[in-house]
Structure formats: C-alpha cells, structure tokens
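As structure tokens, the structure follows; a few thoughts come after it.
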Amino acid sequence: MHLAPTQRRSLFAEIKHRPSHRLKHRVATGDGWHIALYEYSPEKSVARSELPPVVLCHGAFSRFHIYDWGGGEGLAPYLAEQGRRVFAVELRGRGDSLARSPRGRKRQYERGWTIDDLLSQDVPATLDFVTRHTGASQVDWVGHSMGGMLILAHLSQEDDPRVRRVVTVGSADFRFLGENDEAGSHDPRRGERRRVDLAQLMSPITRRLGVIPARPFMRGLAIAAPLVPAKYKATAYHAPNVERGVERRYLWHGFTNVSSRKFREFIRLPEPDGLSRYQHPTLFIAGNRDLLVPPRLVKRTFEGAGSADKRYLLFSKAEGHREDYGHGDLLIGRHAPVEVFPPIADFLSEIQAPASSRRSAAAHEVRSFALPHGITLVGDAHGDRGAYESGSIPGVLLLHGGGQTRHAWGGSARALARAGFYAIALDLRGHGDSSFAPNGEYHTDHFVQDLRALLRLLPHKPALIGASLGGITSLATQDLEAARGDDACSAIVLVDITPKMEVDGIRRILEFMDARPDGFANLEEAADFIAEFLPHRRRPSNLNGLKKNLRQHPDGRWRWHWDPKLMRTWDPNTFDPTEGPRIHAERLEQARRLTVPALLIRGKQSDVVSEAGAREFLEACPHAEFVDLTGATHMVAGDVNDHFSAAVVDFLGRATAHWPKRPTRPGRRS
Numbered sequence: 002m003h004l005a006p007t008q009r010r011s012l013f014a015e016i017k018h019r020p021s022h023r024l025k026h027r028v029a030t031g032d033g034w035h036i037a038l039y040e041y042s043p044e045k046s047v048a049r050s051e052l053p054p055v056v057l058c059h060g061a062f063s064r065f066h067i068y069d070w071g072g073g074e075g076l077a078p079y080l081a082e083q084g085r086r087v088f089a090v091e092l093r094g095r096g097d098s099l100a101r102s103p104r105g106r107k108r109q110y111e112r113g114w115t116i117d118d119l120l121s122q123d124v125p126a127t128l129d130f131v132t133r134h135t136g137a138s139q140v141d142w143v144g145h146s147m148g149g150m151l152i153l154a155h156l157s158q159e160d161d162p163r164v165r166r167v168v169t170v171g172s173a174d175f176r177f178l179g180e181n182d183e184a185g186s187h188d189p190r191r192g193e194r195r196r197v198d199l200a201q202l203m204s205p206i207t208r209r210l211g212v213i214p215a216r217p218f219m220r221g222l223a224i225a226a227p228l229v230p231a232k233y234k235a236t237a238y239h240a241p242n243v244e245r246g247v248e249r250r251y252l253w254h255g256f257t258n259v260s261s262r263k264f265r266e267f268i269r270l271p272e273p274d275g276l277s278r279y280q281h282p283t284l285f286i287a288g289n290r291d292l293l294v295p296p297r298l299v300k301r302t303f304e305g306a307g308s309a310d311k312r313y314l315l316f317s318k319a320e321g322h323r324e325d326y327g328h329g330d331l332l333i334g335r336h337a338p339v340e341v342f343p344p345i346a347d348f349l350s351e352i353q354a355p356a357s358s359r360r361s362a363a364a365h366e367v368r369s370f371a372l373p374h375g376i377t378l379v380g381d382a383h384g385d386r387g388a389y390e391s392g393s394i395p396g397v398l399l400l401h402g403g404g405q406t407r408h409a410w411g412g413s414a415r416a417l418a419r420a421g422f423y424a425i426a427l428d429l430r431g432h433g434d435s436s437f438a439p440n441g442e443y444h445t446d447h448f449v450q451d452l453r454a455l456l457r458l459l460p461h462k463p464a465l466i467g468a469s470l471g472g473i474t475s476l477a478t479q480d481l482e483a484a485r486g487d488d489a490c491s492a493i494v495l496v497d498i499t500p501k502m503e504v505d506g507i508r509r510i511l512e513f514m515d516a517r518p519d520g521f522a523n524l525e526e527a528a529d530f531i532a533e534f535l536p537h538r539r540r541p542s543n544l545n546g547l548k549k550n551l552r553q554h555p556d557g558r559w560r561w562h563w564d565p566k567l568m569r570t571w572d573p574n575t576f577d578p579t580e581g582p583r584i585h586a587e588r589l590e591q592a593r594r595l596t597v598p599a600l601l602i603r604g605k606q607s608d609v610v611s612e613a614g615a616r617e618f619l620e621a622c623p624h625a626e627f628v629d630l631t632g633a634t635h636m637v638a639g640d641v642n643d644h645f646s647a648a649v650v651d652f653l654g655r656a657t658a659h660w661p662k663r664p665t666r667p668g669r670r671s
C-alpha cells in the first residue's frame with residue numbers, strides 16, 4: 002500500500018508507543034526460558050500497602066501492551082494510580098521473553114512451546130518472582146483471554162495460596178473452547194454473534210508452519226485500519242468502541258507470532274470436575290460482541306466454578322453501558338477506563354486476608370574487621386548474624402563507590418536483611434570509619450588485597466554487591482580467587498560498572514571529589530554543592546543525613562569523610578586516558594572468566610556506563626542478568642533505592658536458592 006507523506010506522518014504519530022512501566026525484569030523459568038515482567042509503581046502518597054501486588058497476564062496472540070496503551074493509559078497505569086503495585090507479564094515467545102540473539106530466537110521458534118509449558122513453567126515463575134520481589138505472601142491476578150484461562154487451569158489443579166483474588170476478562174475454561182456452536186446458543190437480539198473457532202480457522206497454517214505469523218499481518222492491518230470495515234476486525238475487537246490512535250498502536254505493538262505447537266494443543270481437556278474444585282474469589286467479565294469467548298462460555302465457566310465468592314459482569318448497551326464490547330476492547334475500548342476498570346479495581350480492593358508477610362525488624366550492629374596487613378574495615382551489619390554463621394542464611398557484602406561510605410547502602414542492606422540475608426555494608430579503606438592507608442596506598446590492588454583478606458575472616462562465601470570502585474574490586478577479587486581454584490563469592494552484582502567506562506563521566510566524578518579540598522562552611526553550603534552535581538535529585542530539607550558522609554573538623558569546616566590522599570591516586574588533572582585500553586582489556590577478560598551468578602545493574606541515565614558498555618559486558622559474560630533502571634544515574638542505589646533493592650533481592654533470592662551454603666574454603670574460620 003502506497004502512503005502519501007502526510008499519511009506516513011499520521012501513521013508514525015499514531016503508532017508511537019511510550020509505555021509507562023518503571024522497571025523491566027527478566028525472570029528465569031525452571032526450563033531455562035527468561036520471561037519479561039513490567040513493573041508499574043504507585044506514587045508513595047497513594048500506595049495501598051495493605052493490598053497485594055497485581056499480576057496482569059495477556060492473551061494467546063497478545064503482549065503486555067493490551068494493559069498499557071502508552072501515555073499513561075491502560076489498566077496497568079490505572080491500577081498503579083489507584084495505589085497498586087502492578088506487574089504485567091509477557092509469557093514466553095514474545096517481545097523481551099524471546100532470546101536476545103537472532104540465532105537464539107530462531108532456536109526457540111523451532112522448538113516451539115505449548116500450553117503445558119505456560120502452565121507448568123511461566124505461571125509458577127511469575128508467582129515466585131512477584132512474591133519474592135515484593136515480599137508479599139499473595140498476589141491478585143487479572144487475566145485477559147488465555148491469561149485468565151491459565152490462572153483458572155492452574156488453580157483448578159492446585160489450591161495455590163499465593164493467589165488471593167482473580168479477575169478474568171473474556172476468558173473461559175479451556176474445555177469449553179473445544180465445543181462447537183449449537184443452534185440457538187447465541188442471541189442476535191442481545192448483539193451476540195456466532196463464535197469464531199480460532200483453532201479451526203488457524204489449522205491450515207499450523208499444519209504447514211511452525212509459527213503463526215500474526216505480527217506482520219496485524220501490522221499490515223494497522224496501516225490500513227481506517228480503510229478496513231469493522232466486520233473484518235470484529236474477531237479482535239468491536240471497532241466502534243476503539244479510538245483510532247489506540248487501535249493502531251494496539252495492532253502495531255500488541256500482537257505477536259505464535260508457536261503452532263502451542264496452538265495445536267490450545268484445546269485442553271482437564272479433568273471434568275477440575276473447575277468445581279476452583280475456590281478463589283473471582284470476577285468473570287464478558288463482552289456481548291466477543292466472538293472468541295462469547296458471554297455464554299464465560300457464564301458457563303462462572304457457573305461451573307466452585308468459588309463461594311464469584312461474580313459475573315456483562316458489558317453491553319443492553320446492560321446500560323455506553324457501547325457494546327468485543328474481545329480486546331474490554332481493555333482497550335474508548336469507554337473501558339470509566340466502565341470496565343473501576344469494577345476491576347473495586348473487586349481487587351476488597352480485603353479478605355493479610356496482603357503480605359512482614360518480617361520483624363532486622364538486628365543491626367557495627368562490626369570491625371582487623372586485617373592481617375594492618376588495615377581495619379568497619380561495616381554496618383544487618384540481619385541474623387548467628388543464622389549466617391551457622392550456615393542457615395546467606396550473607397552479602399556491599400562495597401560502595403569511590404568517595405562514598407557504607408551509609409550509601411543503608412536502605413538496600415535493610416531490605417536484604419528483611420528478605421532473609423545477613424548483609425554487611427563496608428567502609429572501604431580510606432573511607433568512613435575504616436583505616437586510612439598510612440602511605441596513601443589506594444590503587445585497585447590495595448582494595449582487592451583488603452577484600453581477599455576480609456573474605457578469609459568470614460565463615461561462608463557471601464554474595465558481593467559492588468558499585469563503581471566496589472564493583473571493580475569485587476570483579477578483580479573474584480577473578481583472582483577463581484584462578485586459585487575457588488570462587489570468592491556465591492554471586493556478584495555489579496552496579497553501574499563495566500570493563501568499558503566513559504572517560505568524561507569518570508572525569509566529572511573526580512573533578513567533583515577534588516573541587517572542595519577545604520570543605521564547606523556549613524551543611525547548607527554542602528547541600529547546595531551536591532545539588533549542583535546531582536540536579537535530578539530533590540535537595541533534602543533535613544540535612545542531618547549529610548553528616549554520614551561529612552565530618553566537622555576542629556576549624557569548624559565540614560569535609561568529606563574520606564582520606565584526602567585518595568586524590569593523589571585519583572587526581573583528575575593527572576588522569577591518564579591512555580591507560581583506558583589496557584584497563585579495558587584486563588577487565589573484559591575478567592568478565593569472560595566470570596562463572597558465578599552475575600547481575601549488572603545500570604542507571605539508564607548514567608554517564609559512566611553506556612548502553613554499548615553494558616552490551617559488551619553481557620556479550621563477554623552471557624549468563625549475566627541485566628537490569629536498566631529508569632531515573633538512575635551512576636549513583637543508582639541513591640537515585641532509585643526501592644527499585645534497586647527490589648532487583649537485588651530478587652536476583653540474590655534466585656542465585657542463593659540452593660542455600661545451605663556452599664562448602665567453606667580451607668583457611669577460613671568455620
């Protein structure tokens with residue numbers, strides 16, 4: 002189809018999609034896939050902490066876009082605005098739930114996937130991740146089409162206590178979809194039409210192709226949408242109920258190719274009485290113009306469910322709504338935000354049980370570690386020390402960046418303790434309350450020497466979390482210990498540090514550190530200086546927190562709580578960029594040799610680690626996971642601490658899932 006320039010501009014403007022999720026997670030399933038979950042967080046002022054998080058699950062051909070139309074519209078941002086923490090899952094085989102490389106995607110498509118894979122792997126992985134990531138004991142689940150069918154099947158097979166309440170939107174029990182229309186089974190007077198048997202419709206394609214090419218077909222439809230009669234779109238949605246811009250975005254972004262294996266096995270026949278065992282409170286939603294899952298099938302599912310608390314809601318003009326509703330427009334319809342979304346939010350807001358499990362406040366102590374070579378490191382320890390030393394819970398060491406102190410990790414260390422870890426946030430040599438090196442020895446080798454010595458004082462291998470300098474130290478230490486035949490750690494988290502670093506970003510940090518050798522007259526002056534360096538952060542009204550990183554000297558001035566001799570090593574005026582290639586090559590080899598579970602966390606607005614630098618690390622260390630945090634610069638933990646901590650807790654929860662500990666290393670105290 003030939004489009005005039007003005008038509009092309011109109012098309013590009015209308016299909017442009019800006020989702021409003023805050024975080025994207027890639028979660029490993031039990032059979033080796035990685036599925037994507039998109040997190041939407043409420044503003045603190047409206048957060049409903051008494052309610053559990055909500056999982057949103059799409060249909061067979063869809064992606065998460067059916068819950069997020071862009072521009073802050075859709076059920077996902079709507080529920081977040083209502084105070085709910087929301088996770089929109091993308092099941093395997095679509096979007097970011099496919100392998101990153103073309104070869105990997107090709108293998109996955111050739112292998113295919115089935116409904117049983119989604120039920121036995123993707124659904125449990127989603128529930129595991131969201132409960133562990135948030136600390137909640139339960140979730141609420143909203144499923145559209147197949148997304149509702151999956152949770153019905155899952156809960157019919159087992160009474161999973163992690164699921165609190167369920168909303169199905171255009172969903173029915175799988176076995177009902179195998180039944181053909183009977184005479185009189187649909188009522189034209191109520192706007193109902195004969196059901197489209199998608200399995201029969203697609204059978205010629207599934208017999209010949211391994212993949213149903215739905216995506217290119219729907220993108221072609223997006224281009225031609227204004228010219229295509231409504232009746233040809235009726236299987237997907239009731240066109241009069243969908244605005245043109247939303248329609249085009251949905252068609253362009255919201256559909257995916259589908260495994261023929263999955264589709265051939267789409268019609269499952271569970272045990273006849275399985276649905277009767279289903280006991281969860283559920284709202285069943287139907288649209289009178291739904292040709293894929295018509296109201297009668299939703300109603301039969303509603304009637305067959307064994308739940309004591311179950312409700313059925315039909316959307317149509319005949320029921321007093323502004324428009325008739327089809328399959329997709331129950332979620333993307335022009336009137337859905339005012340007619341469909343509110344009853345969903347209301348149903349999910351009903352409190353029937355405790356929403357989350359709260360761990361008791363973690364113990365805290367300040368610990369000192371005297372190293373054999375004369376340096377003493379000080380750390381804040383959070384959690385059950387006895388449980389860690391006995392091997393009952395895993396340990397974590399947190400190493401800050403240059404010019405920071407252990408207090409940079411306060412929120413994250415407490416979050417780790419609440420999640421069942423023993424977390425020690427260290428002051429590195431020359432920082433905070435740890436020893437200042439008498440001869441000004443602050444090269445990387447000296448920090449590595451300290452960490453290796455400290456690890457030998459601990460009874461069991463901890464996980465290492467290192468930001469910037471702390472990450473460089475952690476990676477080098479792990480590499481040296483592995484070369485000696487044993488890993489230094491159980492897992493490693495590198496925070497905005499990769500082998501390739503941006504020289505301008507490093508220089509900017511060093512110039513900031515070197516700018517005020519005489520300190521500040523008062524805390525107000527210090528706060529102004531920091532605000533200039535970090536303009537994206539709100540200037541604190543209470544300045545007492547600055548006292549953790551500054552010390553008042555006898556002359557009354559406030560100076561950074563690190564050794565001024567650091568700048569002899571890190572002087573920006575003598576910074577040698579020609580050293581970069583050698584250091585880059587050395588650290589790239591360390592990344593290639595890395596074998597322990599690894600996570601790279603980057604600040605999306607970082608001027609130290611670029612997207613190219615992150616890609617290079619991930620290519621060198623292909624088993625590493627990656628989180629790119631929106632709203633964060635190089636100072637990731639300080640910029641978006643809640644999201645950073647959640648990502649770390651989730652990763653380490655999986656990386657240390659087989660604790661009790663790995664064997665202790667000879668020479669360590671046990």
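In terms of the working numbering, the sequence shown is residues 2 to 671.
The beta carbon of each residue, even a glycine, is placed where N, CA and C say it ideally should be.
Since the structure is predicted, the reported quantities are computational estimates derived from the model, not experimental observations.
- By the neighbour-count definition (other C-beta atoms within 10 Å, threshold 16), Ser413 is a buried residue.
- Membership of Glu617 in any beta strand (DSSP E) is not indicated; the residue belongs instead to the alpha helix (DSSP H) covering Glu612 to Ala621.
- Contact between the region 428-439 and the region 374-385 is present, with at least three C-beta pairs closer than 8 Å.
- The criterion of a C-beta distance shorter than 8 Å is not satisfied by Arg108 and Leu99.
- Residue range His35 to Tyr41 is occupied by the beta strand (DSSP E) that includes His35.
- Taking 8 Å as the cut-off, the Cβ atoms of Val143 and Val168 count as close.
- In this structure, the alpha-carbon of His408 lies about 8 Å from that of Asp428.
- Straight across, the Cα-Cα distance linking Ser21 with Gly72 is about 7 Å.
- Ile376: not part of any alpha helix (DSSP H); DSSP gives it neither H nor E.
- In the DSSP secondary-structure assignment, Lys25 is bridged to Tyr39.
- Annotation: the continuous beta strand (DSSP E) that includes Glu626 extends over Glu626 to Leu630.
- In the three-state reduction of the DSSP assignment, Gly105 falls in the helix class.
- Sequence-distant Cβ neighbours of Val47 in its own chain, meaning closer than 8 Å and more than five residues away, are Glu82, Gln83 and Gly84.
- For Glu340, the enclosing alpha helix (DSSP H) has its first and last residue at Ala337 to Glu340.
- Annotated three-state conformation of Gln591 is helix, per DSSP.
- In the DSSP assignment, Phe88 falls within the unbroken beta strand (DSSP E) covering Val87 to Glu91.
- Counting only the Cα atoms, Arg49 lies some 30 Å from Ala173.
- Contact between Val397 and Leu630 is absent: CB atoms are separated by about 19 Å, not below the 8 Å threshold.
- Spatial neighbours of Ile425 in its own chain (CB-CB distance under 6 Å, excluding positions within 5 residues in sequence) are listed in chain order as Gly380, Ala382 and Leu398.
- Distance from the CA atom of Ser393 to the CA atom of His35, rounded to whole angstroms, is 29 Å.
- Between Leu128 and Tyr279, the gap from beta carbon to beta carbon reaches 8 Å or more.
- About 27 Å separates the beta carbon of Pro53 from that of Asp117, a gap too long to meet the 8 Å contact definition.
- For Ile425, the uninterrupted beta strand (DSSP E) segment begins and ends at Tyr423 to Leu427.
- CA-to-CA, the gap between Ser102 and Ser146 works out to about 30 Å.
- Of Asp519, Leu547, Ala522 and Ser277, the smallest CA-CA separation from Ile531 is found for Leu547.
- A straight-line Cα-Cα distance of about 33 Å links Gly334 and Pro162.
- Excluding five sequence positions before and after Thr406, the CB atoms of its chain that fall closer than 7 Å to its own CB belong to Asp428, His432, Gly433, Lys549, Asn550 and His562, given in chain order.
- Sorting Arg457, Leu458, Ser475 and Leu459 by C-alpha distance to the C-alpha of Leu465 places Ser475 at the top.
- Remark: C-beta atoms of Pro296 and Leu315 approach each other more closely than 8 Å.
- Here Trp70 carries a coil assignment [DSSP, helix/strand/coil].
- According to the DSSP assignment, Gln553 belongs to the beta strand (DSSP E) that extends over Leu551 to Gln553.
- Counting along the chain, the unbroken beta strand (DSSP E) around Phe316 starts and ends at Lys311 to Phe316.
- Sequence-distant partners of Leu456 (beyond 5 residues in either direction) whose C-beta falls short of 7 Å from its own C-beta, in its chain, are Ala489.
- Looking only at Arg552, Pro500 and Tyr423, the smallest Cα-Cα distance to Val610 is reached by Pro500.
- By the CB criterion at 8 Å, Ile286 and Leu331 fall inside the cutoff.
- Between the beta-carbon of Arg86 and that of Thr135 there is about 6 Å, and that keeps the pair under the 8 Å contact cut.
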